[in-house]
Amino acid sequence: MSAANRARPGRSLILLLLVLVSTILWTYWPGASHEARLGLDLRGGTQVILTPELAPGAEGVLTQDQINQTVEIIRQRVNGFGVAEAEVTVQGSGANAAIVVTVPGVNPEGITNLLKQTARLDFRAVLAAGSGIEIANPSPSPSATPAPQPTELPIQAATAEELYDQYLSLNCLTPGLLQGGRADDPTKYMLTCSKEGFEKFVLAPAFITGDQVSDSQATLPQQGAGGWMVTLDFDSQGATKLSEASINLSKLPSPQNRFGIVLDGLVVSAPFFSEPILGGKAQIEGSFKAEEAKQLAQVLRYGALPVTLNIAESTSISPTLGQDQLSAGLLAGAIGLALVAIYLLIYYRALGFVAVFSLVLAAGFLWLLIIGLGRSIGFTLTLAGIAGAIVAIGITADSFVVYFERIRDEIRDGKTLRVATELGWTRARRTLLAADFVSLLAAIVLYALSVGSVRGFAFTLGLTTLIDVLVAFWFTHPLVTYFGKSKWADNGGILTGVSRKRLTAGSTILTGSDN
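Count along the sequence shown from 1, add 602, and you get the number used in my numbering.
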């Protein structure tokens, strides 16, 4: 055996150690979340299935653009709850579409009431604007009582003065403020925030409502100079109101020359009037990127959605039930791992310890990646995912059985233990790679063609299959190689699991009978 081959086990273990240390640092980096993201079935929460349909009196058919805009509005509302792992997905299309909302840890009655409300689009003049993350002196008068921090937006009143104290104390980044979805009265003054929470506004009653916008498009200037902008077309009534508002507001200083485009109770944009707008056509200019301009145009086009949302199904899962399922899943995994470990130790003796250490290492890698991927790409551990990890225990154990039996076959053929470990690996690794490739291919196909929790099973199965390959090549094989070089193992004691006397006992008896 060459010097290069003799050094290979050490290099593999060093590479594995570097990968393990890097994974640990990535997973437990200071300041990052160190907990696995648990899905709805484990953490508990609410799943609501909504069926959108045209509102009474609306003309035409339900389009995919309207459904997409509805999904964005619902996602904005759900994100305002400040909870992790909330998901909004669409099943089907057109008249057969259903919107599925899953929100772990949220009161089912509250989320249901919020989701079924239809969004409203208004255009309102800006009376006051300021930073949404600053909390100023709550009152200009020393004798006035400080106003409490608002807990819901938007807040409305008959006069702007009634909103002033709350405006000064408002911190838009307070959790729960930016969920939207609360009904607003277009005839009243409004206190609200931008949808990102960076600005707060006191707004006048609406001078245009969303149903008076006939069309909007994201375009580039015809001359080719400048960035993206959004063009607006209004009906006759909207054009008249736009002309009146622009004449009055364009004469005022900032921020009173601005107007807020309010969707679902939050300001999606607050441009300004630089000059009066006549003719019922307007354009919103700013430092828009292409995607930002298209999103704003879609909001304006479908903001006043002629869509009503019906609750088709609402399912509540208690945190206790989710915890019970998690405990049962982890217990099943632990029992399965323990049974496999006991079998390997009884049947393979010392080699079985190598297999058990490999299983423990693979389980550790899997847990680190579950935490890290949950933080980076939003991977959520579900009960189906735990099932995928349990199935992978058997796949990993198969790898050890194939390798160890190859070693035993070589010893039966008269090879030394040192030679048997290398020849056994050469023959076994093709089988290991073929089996893992089939398992990985099945996981990829299942993930691509399935939805919901089945995808969690497929993702976990594929992830554990890749970990199996890594551990087999960079940990199990190097340890077995060192095992084969040891004098104790080469002597073939009964505890080694590769005793030549024990492995060739059957063939010796057979040979004696022939003689």
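Ideal placement from N, C-alpha and C gives every residue a C-beta, glycine not left out.
Cutoff 7 Å; reference residue i; Cβ partners in own chain excluding five residues on either side
i	result
Gly931	Leu985 and Ile988
Pro611	Pro1080, Thr1083 and Tyr1084
Ala1030	Val1004, Tyr1005 and Arg1008
Pro788	Asp724, Pro807, Ala808 and Thr811
Phe874	Ser856, Asn859 and Arg860
Ser1052	Ala1060
Alpha-carbon to alpha-carbon, residue j and residue i
i	j	result
Ile879	Ser848	6 Å
Asn670	Gln897	11 Å
Ile676	Leu772	24 Å
Leu622	Glu1012	33 Å
Trp628	Phe981	15 Å
Glu877	Gln858	13 Å
Gly694	Val673	13 Å
Gly829	Leu975	37 Å
Arg679	Ala940	45 Å
Trp1076	Ala1060	24 Å
Leu656	Gly966	51 Å
Gly799	Ala994	45 Å
Asp767	Pro752	10 Å
Thr1106	Lys1017	12 Å
Cys774	Ser796	8 Å
His636	Val870	34 Å
Gly633	Ser978	14 Å
Asn698	Thr910	14 Å
Asp1092	Arg951	14 Å
Ala943	Val956	10 Å
Arg639	Trp631	16 Å
Ser916	Arg645	17 Å
Asp813	Gln758	21 Å
Asp590	Ala762	In the structure as shown, the chain begins at 603 and stops at 1117. Residue 590 is therefore absent and cannot be evaluated.
Gly1067	Thr1078	This sequence places Thr at residue 1067; Gly is not what is there. Roughly 15 Å between the two C-alpha positions.
Ile948	Leu620	32 Å
Three-way DSSP call (helix, strand, coil) for residue i in this model
i	result
Asn912	strand
Lys883	strand
Leu983	strand
Ile572	Examination of residue 572 is not possible in this model, given that the chain is present from 603 through 1117 alone.
Tyr949	helix
Gly888	strand
Phe959	helix
Leu729	strand
Leu805	strand
Pro706	strand
Val864	strand
Leu834	strand
Glu689	strand
Val901	helix
Thr1106	coil
Thr917	strand
Phe875	coil
Leu975	helix
Phe700	For the record, residue 700 in the displayed sequence is Ala; it is not Phe. The answer is strand: DSSP assigns Ala700 an E or B state.
Val869	strand
Leu854	coil
Leu723	strand
Same chain, Cβ closer than 6 Å to residue i, neighbours up to 5 away in sequence not counted
i	result
Ala841	Gly882
Gly1086	Leu1019, Arg1020 and Thr1023
Thr887	The identity of residue 887 in the sequence shown is Glu, whereas the question assumes Thr. For Glu887, where only same-chain residues beyond five positions count, the Cβ hits under 6 Å are Met831.
Gly732	Lys802
Arg784	Gly867
Gly1123	What is shown of the chain runs 603 to 1117, which leaves residue 1123 out entirely.
Val1073	Ser960, Leu963 and Ala964
Within 8 Å, strictly: CB atoms of residue i and residue j
i	j	result
Val815	Leu834	yes
Trp969	Tyr1005	no
Phe725	Ile651	no
Ala892	Val832	no
Leu664	Ile919	no
Leu765	Tyr791	yes
Leu963	Gly1099	no
Leu1034	Ser1001	yes
Val804	Leu865	no
Thr998	Leu961	yes
Arg1102	Gly1094	yes
Val703	Leu717	yes
Cutoff 8 Å: residue i Cβ touching any chain D Cβ
i	result
Ser1001	Any reference to chain D falls outside this structure, which holds one protein chain only.
Residue i: CB within 7 Å of a non-hydrogen atom of the ligand FMN
i	result
Asp724	Of ligands this structure carries none, so the ligand FMN is not represented either.
Neighbourhood of residue i by C-beta, 8 Å cutoff - its chain only, sequence neighbours within 5 removed
i	result
Thr625	Phe967, Leu970, Leu971 and Gly974
Entirely enclosed alpha helix (DSSP H) segments - the region 1004-1053, minimum 4 residues: List check, alpha helix (DSSP H) in window: 1019-1051.
Runs of alpha helix (DSSP H) lying entirely within the region 605-675, each at least 4 residues, in chain order: DSSP runs (the alpha helix (DSSP H)) wholly in the region 605-675: 605-629 and 642-645.
Alpha helix (DSSP H) runs contained entirely in the region 752-825, provided each spans 4 or more residues: Within the region 752-825, the complete alpha helix (DSSP H) runs of at least 4 residues fall at 763-771.
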